[in-house]
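Here the structure is laid out as structure tokens; the discussion comes afterwards.
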Amino acid sequence: MNTSVNKKKAFVTSAIFLLAVLIIGIGSEIFTSKYIADQKSKMRLAYQKRTESTQAQKKGVENESIYINAIDKVMSEKEYQDFKNGLSIIAVNSDVTINKISDASVKNIKDYKENKIIIEAVATYDAFKRFKDRLAKLNYFINFDKETITRENPTSNKIKINAELHVIVFANKEAVINQIKKK
7 MNTSVNKKKA
17 FVTSAIFLLA
27 VLIIGIGSEI
37 FTSKYIADQK
47 SKMRLAYQKR
57 TESTQAQKKG
67 VENESIYINA
77 IDKVMSEKEY
87 QDFKNGLSII
97 AVNSDVTINK
107 ISDASVKNIK
117 DYKENKIIIE
127 AVATYDAFKR
137 FKDRLAKLNY
147 FINFDKETIT
157 RENPTSNKIK
167 INAELHVIVF
177 ANKEAVINQI
187 KKK
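For what it's worth, our numbering labels the leading residue of the sequence shown as 7, then goes sequentially.
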């Protein structure tokens with residue numbers, strides 16, 4: 007009888023041992039799964055923050071690039087003087103005769119100035135169109151405003167042009183561009 011009790015004791019002890027191992031195994035699986043899920047959640051959050059940070063940096067670079075491109079289309083004081091001095095050359099190359107170039111009032115707009123140039127010229131219509139096309143190809147904001155075209159005389163194929171050019175000038179252009187490029 008002792009052997010049968012010992013066998014039953016051994017069986018119960020083995021069953022309890024197996025049950026304990028099973029419970030520990032299941033418990034460690036649950037703990038590991040929870041730990042891995044927490045790690046994945048943290049990694050997802052870190053990836054999301056890194057992605058947001060990268061997107062913000064790209065957006066900052068894009069905005070900076072847009073700003074530099076916009077500033078490049080505005081003239082500095084020196085570029086404005088060079089432009090004004092070069093207008094005659096552009097006109098001659100376009101077969102336009104400029105009779106008069108003069109400055110009109112300057113309009114201050116925050117850090118910028120809207121300079122106005124009044125032009126009186128004589129040309130054929132095609133030559134004047136060529137002149138305007140060449141000005142349009144310059145990398146600056148140049149606007150023809152208050153343009154009056156009349157025939158030079160009733161029998162002439164030439165026209166008289168009175169036009170007001172508006173040019174945006176930014177005195178601190180070089181300093182701002184250099185400051186941005188240093189970043």
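Idealized CB from N, CA, C, for every residue including glycine.
Excluding residues up to 5 positions away in sequence, Ile96, Asn99 and Ser100 lie with their Cβ nearer than 8 Å to the Cβ of Arg140 in the same chain. Looking at the DSSP output, Leu171 bridges to Ile123 and Phe150. Distance from the CA of Ile22 to the CA of Gly33, rounded to the nearest whole angstrom, comes to 16 Å. With a 10 Å radius around the Cβ and a threshold of 16 neighbouring Cβ atoms, Val102 comes out buried. Take Thr154, set aside five residues on each side of it, and the residues of its chain with a beta-carbon closer than 7 Å to its own are Asn168, in chain order.
As the crow flies, the alpha-carbon of Lys46 is around 15 Å from that of Ile36.
Here Phe17 is exposed. Its C-beta has fewer than 16 other C-beta atoms within 10 Å.
Between Tyr118 and Ile174, the gap from beta carbon to beta carbon is short of 8 Å.
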